[in-house]
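Enquirer: The structure under discussion is supplied below as structure tokens; questions concerning it will follow.
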Amino acid sequence: MKTFKIGGVHPAENKFSADQAIEVLELPKQVAIPIAQSLGAPSKAVVKKGDEVKVGQVIAKGEAFISSNIHSSVSGKVLKVDEIMDQSGYRRPAVIITVNGDEWDESIDRSEELKTDINLSKEDIIKRIHEMGIVGLGGATFPSHVKLMIPDGKKAEILIINGVECEPYLTADHRLMLEKADEMMIGIQILMKGLEVDKAIIGVENNKPDAIAHLKNLCAKYSGISIEALKVQYPQGGEKQLIDACLGRQVPSGKLPIEVGAVVNNVGTAFAVYEAVQKNKPLIERVVTITGKSLKQPGNYMVRIGTSVNELIEKAGGLPEDTAKVVSGGPMMGKALNAVDVPVVKGTSGILLFKEEEARRVEPTNCIRCAKCITVCPMGLEPILIAQYAENEMFENVENERAMDCIECGSCQYTCPAARPLLDYIRLGKFKVGQIIRNRSKK
Amino acid sequence: MNLLTVSGSPHVHGDNSTRKIMYGVIYAMIPALLVSIYFFGLGAIKVTLISVLACVFFEWLIQKYLIKGPSTIGDGSAIVTGILLAFNVPSNLPIWIIIIGALVSIGIAKMSFGGLGKNPFNPALVGRVFLLLSFPVQMTSWPKPSVLFDGIADAITGPTPLGHLKEELKGGRTVEDIMENGTKMIVDGQEVIYRLPDYMDQLLGNMGGSLGEVSAIALILGGIYMLFRKIITWEIPVTYIGSVVAMTGILWLIDPEMYVNPGFHLITGGLMLGVFFMATDMVSSPMSRKGQLIFGLGCGVLTVVIRVWGAYPEGASFAILIMNAFVPLINSGLKPKRFGEIAK
Amino acid sequence: MNDVIIYAVVSLSLIGAAAAIVLYFVAQKFKVIEDPKIDEVEEALPAANCGGCGFPGCRGFAEALVKSANEKQSIEGFNCPVGGNDTMAVSAAILGLVAEEKEPQIAVIRCSGSRENAPVKINYDGPATCAFAHNLSSGESGCPYGCLGCGDCVTACDFDAIYMDEITGLPVVKDNCVACGACVTACPRDIIELRNKGKKDRRIFVSCINEEKGGPAKKNCKVACIGCSKCFKICPFDAITMNNNLAYIDYEKCKLCRKCVVECPTSAIHELNFPPRKEKKEKPSSTKATDGKPAAKEVPKKEVKVTEGAKPAVEKPSSAKASEDKEESKETKKE
Numbered sequence: 000m001k002t003f004k005i006g007g008v009h010p011a012e013n014k015f016s017a018d019q020a021i022e023v024l025e026l027p028k029q030v031a032i033p034i035a036q037s038l039g040a041p042s043k044a045v046v047k048k049g050d051e052v053k054v055g056q057v058i059a060k061g062e063a064f065i066s067s068n069i070h071s072s073v074s075g076k077v078l079k080v081d082e083i084m085d086q087s088g089y090r091r092p093a094v095i096i097t098v099n100g101d102e103w104d105e106s107i108d109r110s111e112e113l114k115t116d117i118n119l120s121k122e123d124i125i126k127r128i129h130e131m132g133i134v135g136l137g138g139a140t141f142p143s144h145v146k147l148m149i150p151d152g153k154k155a156e157i158l159i160i161n162g163v164e165c166e167p168y169l170t171a172d173h174r175l176m177l178e179k180a181d182e183m184m185i186g187i188q189i190l191m192k193g194l195e196v197d198k199a200i201i202g203v204e205n206n207k208p209d210a211i212a213h214l215k216n217l218c219a220k221y222s223g224i225s226i227e228a229l230k231v232q233y234p235q236g237g238e239k240q241l242i243d244a245c246l247g248r249q250v251p252s253g254k255l256p257i258e259v260g261a262v263v264n265n266v267g268t269a270f271a272v273y274e275a276v277q278k279n280k281p282l283i284e285r286v287v288t289i290t291g292k293s294l295k296q297p298g299n300y301m302v303r304i305g306t307s308v309n310e311l312i313e314k315a316g317g318l319p320e321d322t323a324k325v326v327s328g329g330p331m332m333g334k335a336l337n338a339v340d341v342p343v344v345k346g347t348s349g350i351l352l353f354k355e356e357e358a359r360r361v362e363p364t365n366c367i368r369c370a371k372c373i374t375v376c377p378m379g380l381e382p383i384l385i386a387q388y389a390e391n392e393m394f395e396n397v398e399n400e401r402a403m404d405c406i407e408c409g410s411c412q413y414t415c416p417a418a419r420p421l422l423d424y425i426r427l428g429k430f431k432v433g434q435i436i437r438n439r440s441k442k
Numbered sequence: 000m001n002l003l004t005v006s007g008s009p010h011v012h013g014d015n016s017t018r019k020i021m022y023g024v025i026y027a028m029i030p031a032l033l034v035s036i037y038f039f040g041l042g043a044i045k046v047t048l049i050s051v052l053a054c055v056f057f058e059w060l061i062q063k064y065l066i067k068g069p070s071t072i073g074d075g076s077a078i079v080t081g082i083l084l085a086f087n088v089p090s091n092l093p094i095w096i097i098i099i100g101a102l103v104s105i106g107i108a109k110m111s112f113g114g115l116g117k118n119p120f121n122p123a124l125v126g127r128v129f130l131l132l133s134f135p136v137q138m139t140s141w142p143k144p145s146v147l148f149d150g151i152a153d154a155i156t157g158p159t160p161l162g163h164l165k166e167e168l169k170g171g172r173t174v175e176d177i178m179e180n181g182t183k184m185i186v187d188g189q190e191v192i193y194r195l196p197d198y199m200d201q202l203l204g205n206m207g208g209s210l211g212e213v214s215a216i217a218l219i220l221g222g223i224y225m226l227f228r229k230i231i232t233w234e235i236p237v238t239y240i241g242s243v244v245a246m247t248g249i250l251w252l253i254d255p256e257m258y259v260n261p262g263f264h265l266i267t268g269g270l271m272l273g274v275f276f277m278a279t280d281m282v283s284s285p286m287s288r289k290g291q292l293i294f295g296l297g298c299g300v301l302t303v304v305i306r307v308w309g310a311y312p313e314g315a316s317f318a319i320l321i322m323n324a325f326v327p328l329i330n331s332g333l334k335p336k337r338f339g340e341i342a343k
Numbered sequence: 000m001n002d003v004i005i006y007a008v009v010s011l012s013l014i015g016a017a018a019a020i021v022l023y024f025v026a027q028k029f030k031v032i033e034d035p036k037i038d039e040v041e042e043a044l045p046a047a048n049c050g051g052c053g054f055p056g057c058r059g060f061a062e063a064l065v066k067s068a069n070e071k072q073s074i075e076g077f078n079c080p081v082g083g084n085d086t087m088a089v090s091a092a093i094l095g096l097v098a099e100e101k102e103p104q105i106a107v108i109r110c111s112g113s114r115e116n117a118p119v120k121i122n123y124d125g126p127a128t129c130a131f132a133h134n135l136s137s138g139e140s141g142c143p144y145g146c147l148g149c150g151d152c153v154t155a156c157d158f159d160a161i162y163m164d165e166i167t168g169l170p171v172v173k174d175n176c177v178a179c180g181a182c183v184t185a186c187p188r189d190i191i192e193l194r195n196k197g198k199k200d201r202r203i204f205v206s207c208i209n210e211e212k213g214g215p216a217k218k219n220c221k222v223a224c225i226g227c228s229k230c231f232k233i234c235p236f237d238a239i240t241m242n243n244n245l246a247y248i249d250y251e252k253c254k255l256c257r258k259c260v261v262e263c264p265t266s267a268i269h270e271l272n273f274p275p276r277k278e279k280k281e282k283p284s285s286t287k288a289t290d291g292k293p294a295a296k297e298v299p300k301k302e303v304k305v306t307e308g309a310k311p312a313v314e315k316p317s318s319a320k321a322s323e324d325k326e327e328s329k330e331t332k333k334e
């Protein structure tokens, strides 16, 4: 069974919600839709206080090349355009809408019917994906249309679909692959057309045998798509690791996957692409896993963007008394939230509740130079060295040790016997090195 | 509701801990300890106990009054150092010498560099070499192995096989002659013939030597346990043993009269102890795989060089200490294979 | 016997002489010609090597000074914050120039988000580095502009002139601050500013850099600047500017009239080292203003604690007094 070559760990999977079918979360009373939800330039709000909006209406436009549109996920009245606290813990501009009914934009096809024929041309597909505000739903929220525009001189050979979901606890992609496989497959074909490639591989870890079997059955119907069952290993869902696992090619340092002829997209993105291209539906909702050891009903929900995390928790049985940490995303790379009244955004793949004893970190002790962090680093770096340089503010050395290659998967800190905050310091180092590099290019 | 905790990812931690690693090493040393108790009796228990207690005490003392930090004796590293130090000395060593050894190990080799993880040299080895240089008589009068409790105050001392062989080879005899005919010796006014122990005895540990180094089998068992628990990696043991076999094998093939065969080298002396417990010490060995391969190779070559041509019959401790000194160089020179780097 | 001695003496002398000759020529060849003034100037500098002047160490500063003096006949723009005017005057005299007088400065902490004023809303669990905490989230108080309390400024200080107050969780600048600016660079949130020391060490400044609107700012911190512009309107010297909901007092223009201090509804404007106000009814607001700092409020609270704590009667006054003393010294030293 294939997997990536360097490093990797295997944290306890804890996928409590794997058997819970995706439920549609009822409409909230109010949504707060941050207007900067993707990587790249922030979008500009195009609605103002008092405007009536419909579901699917553009409320913020991304004008730069790397940016994306934001659509209203509900119908109702714009209460205000103001700064609210988002998942980063900082206050950022958002459009706050009071929900009134559920009136959709006429152009959106809301029928359940499966549309298999792809009528749009390559250019139109890319344009549509841009208009509909599709971004990478794996977590990095990179605008998807940019990925489809291959730079001059490069050629895409293969599309890799990321159904790995290597993060423990999360099951959103798993459920999507089981329940929306047909739509996803058509989405993949649309992406293939947009990229002008005739091959696509769906990488799935073999801890999801039902999904693998289901997709394998469907493969016969859709030409050019194959399934690759991968050995369970974190961080297989990392773009570079997945390419290595599926194709055996390693993307060189500082380069994009297109360098080795591959483009990677998430299964969630493929589904969103289907809805955008075939049904004209913008990215206004996504599947979110809500889980935690003491949560009453862990589950997977189809959630409108902008819904408060709090409502999701209420739906899953309420915030348990012993909750001491709320994480947006997976336990390895997710972000700890400052508060629960923050909106779900395009990149939110899961909400994770930790109990008191899980929330606190182990007290760090001296590094014993066991080199376990080096063994597990999927990028072949020396985390302890980078962390120590960063701790001692030797940022030139941090750069020389190729800290910028770090994908922040957290394997090093996960495995460290001395419980050292390695990734924290590497992040700090990367941040400072980023500043140094920017200053350098300014000169 | 509690205040929410905010920290950077990852939010989960594996079940590794320094404590677990150190106790794993201690478990791995139990077979060798049992064998030495069997052969050396209460002396082995006494030496080990005192060494461990002294190491833990000195670590506590220094941490509390000199470094003024939280106590670190709970992590078990001082116990490991204590047992390893005991393993490296004869079982009839006077108590005060052991305590001096523990002070050197913990005080000079470990805590003066800042405690666990900061020491460039293996603390137990530094203690051992210090004692060897300072108290050569006491450190090289090995008690003869006698089956359990067969006289604790056994004053009869015998040479180690390696020491004996080296001595006699210097005297101009051939390996075959020494092995076949033994050596006439005068012990307690009586003439006896000393023979080198046969291979079975060497494997089991029925020979003269330091407390923990005698039984190759028990040490290999411990080593396999540590490999299984992923406390150590295969690189250093394999290259270390491999290079010792290769080098002594070549010498043996060239002149079996002058050089003893590789098997003898492997199971006598402190080689196995060094291979599995000293050279693989996380703190003082290189971090990258390539570095570990070089480290093991260097240890093996130096061990043979010292054993065959050096002044001491035993070379593992010196070899490992010398290679420890090269570790920073190895670490900065040999980096792990980076992702996306084209293999040469 | 004698021969041996003679040979030895002669040969050694010859070797010595030969080596001396070689050394002499080598020394001549590789002689580094350096302006002797550099040494003299370096002598005059405080040898703190803090880098506050922008050069690597005092030697680097001396070299730069001499170079500038030789090339441009001026040392304008150079300043040793540690030595101050005296040192600059001496250095300038060595170089035959006159140094410009500069107001002595001191680091000022522009945040009052103590644990009491800006209560903790989350637990931060990570390395005690402001730089990292700043990137991770808005901080324990929730204020995205406020002090994170991890003490990067304390680590950066070479002069032991800044410390973290245990009770408030805020850094406090001591009088021996030399305004080298190390803490200013270290602070990821640019809370620390170098301001003129002022006459008799009297200073007035806005102890907040929050640019949020009044509502959210107040939500996180009682003593935040809410951008109400009251101080801006009352200032007779145009020393106060309003920018992004935040007042800023220009220390060059401020005449220390203290009108704004009274005016501020959230006590975000601090005055330092002024004699207590005598006047009339203004008392409540004035006391509030003079010890607008969280530290002062702690005094009565702490005393209560001591009395409540069922401690032996003998100990009570002494410990209460000690805490009082502590508060007092903080009062004078605190920025």
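Chains as they are written, first to last, in numbering that gives the first Met the number 0: chain U, 0 to 442; chain A, 0 to 343; chain R, 0 to 334.
Glycine included, each C-beta is placed from N, C-alpha and C at the ideal position.
Buried or exposed: where does residue 286/R fall if 16 or more other Cβ atoms within 10 Å of its Cβ makes it buried?
Expert: In this predicted model, residue 286/R has a pLDDT of only 40, less than 50, meaning its place in the structure is not dependable; the value taken from the coordinates is given anyway. Classification of residue 286/R: exposed, given that the 10 Å Cβ count is below 16.
Enquirer: Could you name the residues of the segment 233-257 of chain U whose beta carbon sits closer than 7 Å to any beta carbon of chain A, in the order they occur along the chain?
Expert: 239, 249, 250, 251 and 252
Enquirer: Please state the DSSP three-state secondary structure of residue 356/U.
Expert: helix
Enquirer: DSSP state of residue 328/A, grouped into three classes?
Expert: In this structure, residue 328/A counts as helix in the three-state DSSP scheme.
Enquirer: Using a Cβ-Cβ distance cut-off of 9 Å, determine whether residue 4/A contacts chain R.
Expert: By the rule that beta-carbons nearer than 9 Å mark a contact, residue 4/A touches chain R.
Enquirer: Can you grab the Cα-Cα spacing for the pair residue 78/A / residue 25/A, in whole Å?
Expert: 8 Å
Enquirer: Under the DSSP definition of a beta bridge, which residues are partnered with residue 219/A?
Expert: Answer is none; residue 219/A lacks a bridge partner.
Enquirer: Looking at the strands, I want to know which residues DSSP matches up with residue 81/U.
Expert: 93/U
Enquirer: Between the C-alpha atoms of residue 124/A and residue 124/R, what's the straight-line distance to the nearest angstrom?
Expert: 39 Å
Enquirer: Taking the alpha carbon of residue 528/U as the reference point, which residue from 256/U, 63/U and 78/U has its own alpha carbon closest?
Expert: A question about residue 528/U goes unanswered here, because the residues of chain U that appear run from 0 up to 442.
Enquirer: With a 10 Å radius around its C-beta and 16 neighbouring C-beta atoms as the bar for buried, classify residue 220/U as buried or exposed.
Expert: exposed
Enquirer: Beta-carbon of residue 152/U versus every beta-carbon of chain R: anything under 9 Å?
Expert: no
Enquirer: If we cut at 9 Å on Cβ distances, does residue 390/U have a partner in chain R?
Expert: yes
Enquirer: Going straight from the alpha carbon of residue 335/A to that of residue 372/U, what length do you get?
Expert: 11 Å
Enquirer: Could you say which of 35/A, 170/A, 303/A and 200/A lies nearest to residue 90/A if we only look at CA atoms?
Expert: Residue nearest to residue 90/A within the set 35/A, 170/A, 303/A and 200/A is 35/A (criterion: CA-CA distance).
Enquirer: Check residue 19/R in the structure and name its three-state DSSP category.
Expert: helix
Enquirer: Look at the alpha carbon of residue 79/R and the alpha carbon of residue 38/R, and state the distance between them as a whole number of angstroms.
Expert: Those two C-alpha atoms are separated by around 16 Å.
Enquirer: In three-state DSSP terms, what is residue 309/U?
Expert: Reduced to three states, the DSSP call for residue 309/U is helix.
Enquirer: Check whether the Cβ atoms of residue 207/R and residue 229/R sit closer than 9 Å, and answer yes or no.
Expert: no
Enquirer: Do we get a CB-CB distance below 9 Å when we pair residue 451/U with the residues of chain R?
Expert: Past the edges of chain U, shown from 0 to 442, lies residue 451/U, and the structure says nothing about it.
Enquirer: Taking the alpha carbon of residue 165/R as the point to measure from, which residue in 180/R, 113/R and 192/R has its own alpha carbon closest?
Expert: When only C-alpha atoms are compared, the closest one is 113/R.
Enquirer: Counting only Cβ pairs nearer than 7 Å, list the residues of chain R close to residue 88/U.
Expert: 136 and 137
Enquirer: Would a C-beta distance cut-off of 9 Å place residue 96/U and residue 30/U closer than the cut-off?
Expert: With contacts defined as CB atoms closer than 9 Å, residue 96/U and residue 30/U qualify as a contacting pair.
Enquirer: May I ask you to report which of helix, strand or coil DSSP gives residue 299/U?
Expert: strand
Enquirer: Give a yes or no on whether 9 Å exceeds the smallest Cβ distance from residue 386/U to chain A.
Expert: no
Enquirer: Tell me, please, whether the CB atom of residue 323/U is closer than 9 Å to any CB atom in chain R?
Expert: Answer yes: the Cβ-Cβ gap between residue 323/U and chain R drops below 9 Å somewhere.
Enquirer: I need the boundaries of the alpha helix (DSSP H) containing residue 202/U, first residue and last residue.
Expert: Not the alpha helix (DSSP H): residue 202/U falls in the beta strand (DSSP E), residues 199-204.
Enquirer: So for residue 202/A, helix, strand or coil by DSSP?
Expert: helix
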